[in-house]
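Q: Chains A and B are the protein sequences, given in the same order. Heads up: the first sequence begins at 8 in the working numbering, then just goes up one per residue. Heads up: the second sequence begins at 71 in the working numbering, then just goes up one per residue. Pasting in a structure now, in structure tokens, and then I'll have a few things to ask.
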Amino acid sequence: MTTQTMPSGADGSPLAGEKLTPKYIRRSLLALSIDDPQLAQKAFASWADAVILDAAKRPDRNWQEDLKARMPAAIHAAARGGAEVFVRIERDTAVAELDATIFAGLSGVVLKGATGPDDVVTVSRRLSALEVARGIAGGSLEIDVEVNTPGAVWHSLEIARASPRFGVFLINEAELCRNLGMQASPTLDFDPLEYIKSQLITVATSVGGQALGMSYPLSLTEENANDDAVAKAVRRARDTGFKGAVCPHASWIKFCNEGFRPSSEEAAYYVKVIEVFAEGIKRGMASVPIDGKMIDVPVDVRAKLYLKWANRAQERDDEKARAHAKPGA
Amino acid sequence: MNPRRSWMIVPAHDPDAVARCQEHKPDVVVLDLEYSVPPKSKEAARAGLADAVKKLGEAQVDAFVRVERDTRWADVRAAMHRGLKGIVFPGPDAPEEVSDLGNHIAAMEKERGLDPGIVELVLMLESAKGFWNAAAIAQASPRVTALGVGRIDLTMQLGPLPQDEFRLYRFLMTRTLVAARMLGQQPLGALWRPGSRGGEATKAGTAKAAREARLMGFTGCVCATAEQVAPVNEGFAPA
Numbered sequence: 008m009t010t011q012t013m014p015s016g017a018d019g020s021p022l023a024g025e026k027l028t029p030k031y032i033r034r035s036l037l038a039l040s041i042d043d044p045q046l047a048q049k050a051f052a053s054w055a056d057a058v059i060l061d062a063a064k065r066p067d068r069n070w071q072e073d074l075k076a077r078m079p080a081a082i083h084a085a086a087r088g089g090a091e092v093f094v095r096i097e098r099d100t101a102v103a104e105l106d107a108t109i110f111a112g113l114s115g116v117v118l119k120g121a122t123g124p125d126d127v128v129t130v131s132r133r134l135s136a137l138e139v140a141r142g143i144a145g146g147s148l149e150i151d152v153e154v155n156t157p158g159a160v161w162h163s164l165e166i167a168r169a170s171p172r173f174g175v176f177l178i179n180e181a182e183l184c185r186n187l188g189m190q191a192s193p194t195l196d197f198d199p200l201e202y203i204k205s206q207l208i209t210v211a212t213s214v215g216g217q218a219l220g221m222s223y224p225l226s227l228t229e230e231n232a233n234d235d236a237v238a239k240a241v242r243r244a245r246d247t248g249f250k251g252a253v254c255p256h257a258s259w260i261k262f263c264n265e266g267f268r269p270s271s272e273e274a275a276y277y278v279k280v281i282e283v284f285a286e287g288i289k290r291g292m293a294s295v296p297i298d299g300k301m302i303d304v305p306v307d308v309r310a311k312l313y314l315k316w317a318n319r320a321q322e323r324d325d326e327k328a329r330a331h332a333k334p335g336a
Numbered sequence: 071m072n073p074r075r076s077w078m079i080v081p082a083h084d085p086d087a088v089a090r091c092q093e094h095k096p097d098v099v100v101l102d103l104e105y106s107v108p109p110k111s112k113e114a115a116r117a118g119l120a121d122a123v124k125k126l127g128e129a130q131v132d133a134f135v136r137v138e139r140d141t142r143w144a145d146v147r148a149a150m151h152r153g154l155k156g157i158v159f160p161g162p163d164a165p166e167e168v169s170d171l172g173n174h175i176a177a178m179e180k181e182r183g184l185d186p187g188i189v190e191l192v193l194m195l196e197s198a199k200g201f202w203n204a205a206a207i208a209q210a211s212p213r214v215t216a217l218g219v220g221r222i223d224l225t226m227q228l229g230p231l232p233q234d235e236f237r238l239y240r241f242l243m244t245r246t247l248v249a250a251r252m253l254g255q256q257p258l259g260a261l262w263r264p265g266s267r268g269g270e271a272t273k274a275g276t277a278k279a280a281r282e283a284r285l286m287g288f289t290g291c292v293c294a295t296a297e298q299v300a301p302v303n304e305g306f307a308p309a
């Protein structure tokens, strides 16, 4: 699919509500261990928009020195297919882990286990110091919060506002269920986390960020379901407000990349909407019909926003394609 | 300690009901000074608490007293006797109400020669304000051990007809659950459905309400009638 061109009449000036388009095109995230001998190959072959590196602290050696020695190469390996790279850190050992894992090439960290805004402030301060010490642009490293505690849910707004580095809420449903005393099996005819998801999506969006998650019940079963089931689940997740998901199976990634964005058919329709509406405006009309539907200003604005979203997703795909085509990639 | 699954409401003015309540094997007996007691019987209910609490305490039963929000000071005074496990406070709206009541309980513990801090406080949220402030309210006294979703008053305040689907209920249950789990308190509530709610809930409806609540993370609920105790115990039993 190629990038859809904005039709004439759209002057490129900022649209009302433009910030409503997703801040990041981060539809699919894949977690990989830096100990995985196949790290580079898996990251490359996955086509994930982002890779989360898990760095195990080996008790049999000086784990900080060990990680410091290995992280730069791991970041490079994970990024080879054009993915953004994050490192996952635990709240209780956050500062020590940051010292051992923050190097150029990372987009940010995934903070797990946070229970309140102080945890984010602590990480943010350390990142500022490390950016200076390691030649990384000041303020560039992002803090994404993996929600797995009741405290992170209750204090989500304070957490999201705790640092301008905040980017994304990721929902670790299995652990969150366990910490809420919920049965992490989809035996109910409704999603027991429905309102928590609604809250996190709304809060993240309110500060200009976004939330990542999957729809029920696949969000809890995390099964390697058939293609149709994954595609439908992704569509439901997008309709809920999620902008991507962490993929427990590499097989999900293709569907997340295709589903967490307006489709090519949608994009083509938006182009038509924008063109027909612009023609109507020239003729002095306030609304024009397309296929029996009336197109007016809000529909036109939405079409422009969604087209922009679709184009940005396409640009991201093109970026990854270039990374894959690099000599020696 | 096993979670207290069934919190059986027993009208405190009814000596027969109090005498027989243990037959139903509730995990907790809640001697009620609120809705199940007619206003004209309120004094008699208060007067009977000393004896009822003492007997239940001697029988190793977890005995609580549910006070009425507007008369809670006098109700707590009447309830504070050796053997009392705790006070159920329905409808707290603000943290100060809980800390003030906690201080009142502390004063009564001293006056009655009870161990300091021994009497627990259980909060049943029943107002929009209460739900929104749930965490602050539940943290307002170290005595708070459980946080619950209230029933009748809640539907009255938020508007839906109690006989219909109360569509806000799962949202309110989620908010209660998150606050309670964050604070290490017991979450109380059941997913009551239309036609099987309150005193009208059938055994099957009660068991389903409890089972679904358990799947959602709750570990116990209030039983409006004696018949609800067995299905609640069953519904909240681990799978």
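The beta carbon of each residue, even a glycine, is placed where N, CA and C say it ideally should be. As the structure is a prediction and not an experimental result, all values here were calculated from the model.
Locate the beta strand (DSSP E) running through B:L392, then write down its first and last residues.
A: No answer is possible for residue 392 of chain B: the residues shown for chain B start at 71 and end at 309.
Q: By Cβ distance below 6 Å, which residues in the same chain neighbour A:I178 in space, the five residues on each side in sequence not counted?
A: Sequence index remark: in the first sequence, residue 178 of chain A carries index 171 (1-based). Cβ neighbours of A:I178 beyond the five flanking positions: V154 and G220.
Q: Whole angstroms is fine: what's the gap from A:P21's alpha carbon to A:P305's?
A: Within the first sequence, residue 21 of chain A is the residue found at index 14, counting from 1. Within the first sequence, residue 305 of chain A is the residue found at index 298, counting from 1. Low confidence applies here, because A:P21 scores a pLDDT of 47, under 50, leaving its location unreliable and the question unanswered by this model.
Q: Given a cut-off of 7 Å, decide if B:L191 and B:R213 are closer than it, judged by their beta-carbon atoms.
A: Within the second sequence, residue 213 of chain B is the residue found at index 143, counting from 1. Within the second sequence, residue 191 of chain B is the residue found at index 121, counting from 1. Their beta carbons are under 7 Å apart, which means B:R213 touches B:L191 by this criterion.
Q: Output needed for B:L258: all residues of its chain with C-beta closer than 6 Å, excluding positions within five of it in sequence on either side, in chain order.
A: Walking along the second sequence from the start, residue 258 of chain B turns up at place 188. For B:L258, where only same-chain residues beyond five positions count, the Cβ hits under 6 Å are A216, G218, G290 and C291.
Q: Is the shortest distance between the beta-carbon of A:Y223 and the beta-carbons of chain B less than 7 Å?
A: Walking along the first sequence from the start, residue 223 of chain A turns up at place 216. So, not an interface residue.
Q: Within the same chain, show all residues whose beta-carbon is closer than 7 Å to that of A:P14, passing over the 5 residues directly before and after it, in chain order.
A: By 1-based counting over the first sequence, the position of residue 14 of chain A is 7. Confidence in A:P14 is poor, its pLDDT being 47 and thus under 50, which makes the residue's placement unreliable; the coordinate value appears in the next sentence. So the qualifying residues of the chain are V278, I281, E282 and A285.
Q: Assuming B:A307 and B:H94 are in contact, meaning their beta carbons sit under 8 Å apart, how far apart are those beta carbons, in whole angstroms?
A: Indexing the second sequence from 1 puts residue 307 of chain B at position 237. Indexing the second sequence from 1 puts residue 94 of chain B at position 24. Wrong, their Cβ atoms sit about 16 Å apart, outside the cutoff.
Q: Mind pulling the beta strand (DSSP E) runs of 3 or more residues that sit fully within the stretch 174 to 232 of chain A?
A: The stretch 174 to 232 of chain A contains these whole beta strand (DSSP E) runs: 217 to 219.
Q: When the Cα atoms are used, what is the spatial distance from B:R75 to B:A198?
A: Position 5 of the second sequence holds residue 75 of chain B. Position 128 of the second sequence holds residue 198 of chain B. Distance between the alpha carbons of B:R75 and B:A198 is about 25 Å.
Q: Provide the residue span of the beta strand (DSSP E) that contains A:R5, from first to last.
A: Because chain A spans 8 through 336 in this model, residue 5 of chain A falls outside it and cannot be assessed.
Q: Assign A:R323 to buried or exposed, taking buried as 16 or more other Cβ atoms, counted over all protein chains shown, within 10 Å of its Cβ.
A: Residue mapping note: residue 323 of chain A aligns to position 316 of the first sequence, counting from 1. So A:R323 counts as buried.
Q: Does any CB atom of chain B fall closer than 7 Å to the CB of A:L22?
A: Locating residue 22 of chain A in the first sequence gives position 15, where the first residue counts as 1. Reliability fails at A:L22, whose pLDDT of 49 lies under 50, so the model's placement of it is uncertain and no value is given.
Q: Are the CB atoms of A:R172 and A:E149 within a distance shorter than 7 Å?
A: In the first sequence, residue 149 of chain A corresponds to position 142, counting from 1. In the first sequence, residue 172 of chain A corresponds to position 165, counting from 1. A contact, by the Cβ cut-off of 7 Å.
Q: On the DSSP bridge assignment, give the partners of A:K1 in chain order.
A: It is not possible to answer for residue 1 of chain A, since the shown part of chain A is limited to 8 through 336.
Q: I want to verify the contact list: residues of chain A whose CB lies under 7 Å from the CB of B:G287, in sequence order.
A: The sequence position of residue 287 of chain B within the second sequence is 217, counting from 1. Per Cβ cutoff of 7 Å: L187, G188 and M189.
Q: Can you look up B:W77 in the DSSP assignment and give me helix, strand or coil?
A: Here residue 77 of chain B refers to the residue found at position 7 when the second sequence is read from its first residue. Reduced to three states, the DSSP call for B:W77 is strand.
Q: Hey, out of B:P162, B:A206, B:S169 and B:M150, whose CA is closest to B:I188's CA?
A: Working through the second sequence from its first residue, we reach residue 188 of chain B at position 118. For B:I188, the nearest C-alpha among the options comes from B:M150.
Q: Indicate whether the contact test is met: 3 or more Cβ pairs, each with one atom in the stretch 294 to 311 of chain A and one in the stretch 255 to 272 of chain A, closer than 8 Å.
A: No, because fewer than three Cβ pairs between the stretch 294 to 311 of chain A and the stretch 255 to 272 of chain A fall closer than 8 Å, the two stretches do not touch.
Q: Quick check on this structure: which residue in B:G153, B:P160, B:G305 and B:F201 has the alpha carbon closest to the alpha carbon of B:G239?
A: The residue given as residue 239 of chain B occupies position 169 in the second sequence. Per the sequence presented here, residue 239 of chain B reads as Tyr, with Gly not at that position. Here the closest residue by C-alpha is B:F201.
Q: Please confirm whether B:I207 and B:P160 have their CB atoms less than 7 Å apart.
A: Reading the second sequence from its first residue, position 137 is the one you call residue 207 of chain B. Reading the second sequence from its first residue, position 90 is the one you call residue 160 of chain B. Not closer than 7 Å, so no.
Q: Taking 7 Å as the threshold (C-beta atoms), are A:G251 and A:R34 in contact?
A: Your numbering for residue 34 of chain A matches position 27 in the first sequence. Your numbering for residue 251 of chain A matches position 244 in the first sequence. Cβ atoms of A:R34 and A:G251: closer than 7 Å.
Q: Any idea if B:M178 is buried or exposed, counting beta-carbon neighbours within 10 angstroms, 16 or more meaning buried?
A: Indexing the second sequence from 1 puts residue 178 of chain B at position 108. The residue is buried, with at least 16 neighbouring Cβ atoms inside 10 Å.
Q: Which chain A residues are close to B:F159, counting only those with a beta carbon under 8 Å from its beta carbon?
A: Here residue 159 of chain B corresponds to residue number 89 of the second sequence, with the count starting at 1. What B:F159 touches in chain A: nothing, since even the nearest Cβ is about 21 Å away.
Q: Answer with buried or exposed for A:P157, where buried requires no fewer than 16 other C-beta atoms within 10 angstroms of its C-beta.
A: As a first step, residue 157 of chain A must be located in the first sequence, where it is residue number 150. Buried is the call here.
Q: Determine the burial state of B:V299: buried for a count of at least 16 other Cβ atoms within 10 Å of its Cβ, exposed for fewer.
A: Along the second sequence, read from residue 1 onward, the residue named residue 299 of chain B stands at position 229. Result: buried.
Q: Between the beta-carbon of B:A210 and the beta-carbon of B:S169, is there less than 7 Å?
A: Position 140 of the second sequence holds residue 210 of chain B. Position 99 of the second sequence holds residue 169 of chain B. In contact: B:A210 and B:S169 (Cβ atoms closer than 7 Å).
Q: Using three-state DSSP, classify B:G156 as helix, strand or coil.
A: Translated into positions along the second sequence, residue 156 of chain B becomes position 86. Of the three classes helix, strand and coil, the one that applies to B:G156 here is strand, per DSSP.
Q: Could you check the C-alpha separation between A:A107 and A:L134 for me, to the nearest Å?
A: As a position in the first sequence, residue 107 of chain A is number 100, starting the count at 1. As a position in the first sequence, residue 134 of chain A is number 127, starting the count at 1. Distance between the alpha carbons of A:A107 and A:L134 is about 12 Å.
Q: List the endpoints of the continuous beta strand (DSSP E) containing B:P257.
A: One-based indexing of the second sequence puts residue 257 of chain B at position 187. B:P257 -> beta strand (DSSP E) spans Q256 to L258.
Q: So with Cβ pairs under 7 Å, would you call B:V123 a contact of chain A?
A: The count along the second sequence starts at 1 and reaches residue 123 of chain B at position 53. Cβ-Cβ to chain A under 7 Å: no for B:V123.
Q: So, are the CB atoms of A:D151 and A:V117 less than 7 Å apart?
A: Reading the first sequence from its first residue, position 144 is the one you call residue 151 of chain A. Reading the first sequence from its first residue, position 110 is the one you call residue 117 of chain A. Yes, the pair counts as a contact, with Cβ atoms nearer than the cut-off.
Q: On the DSSP letters alone, give me the boundaries of the alpha helix (DSSP H) that B:G305 sits inside.
A: The sequence position of residue 305 of chain B within the second sequence is 235, counting from 1. From DSSP, the alpha helix (DSSP H) with B:G305 extends over V299 to G305.
Q: So, does the CB of B:R251 fall closer than 7 Å to a CB anywhere in chain A?
A: In the second sequence, counting from the first residue as 1, residue 251 of chain B sits at position 181. It does: the Cβ of B:R251 has a partner Cβ on chain A nearer than 7 Å.
Q: Considering just the uninterrupted stretch of the beta strand (DSSP E) at B:C293, what are its terminal residues?
A: Here residue 293 of chain B refers to the residue found at position 223 when the second sequence is read from its first residue. B:C293 -> beta strand (DSSP E) spans C291 to C293.
Q: Rank B:R284, B:M252, B:G254 and B:V302 by C-alpha distance to the C-alpha of B:G268 and give the top, closest one.
A: Here residue 268 of chain B corresponds to residue number 198 of the second sequence, with the count starting at 1. Measuring from the Cα of B:G268, the nearest candidate turns out to be B:V302.
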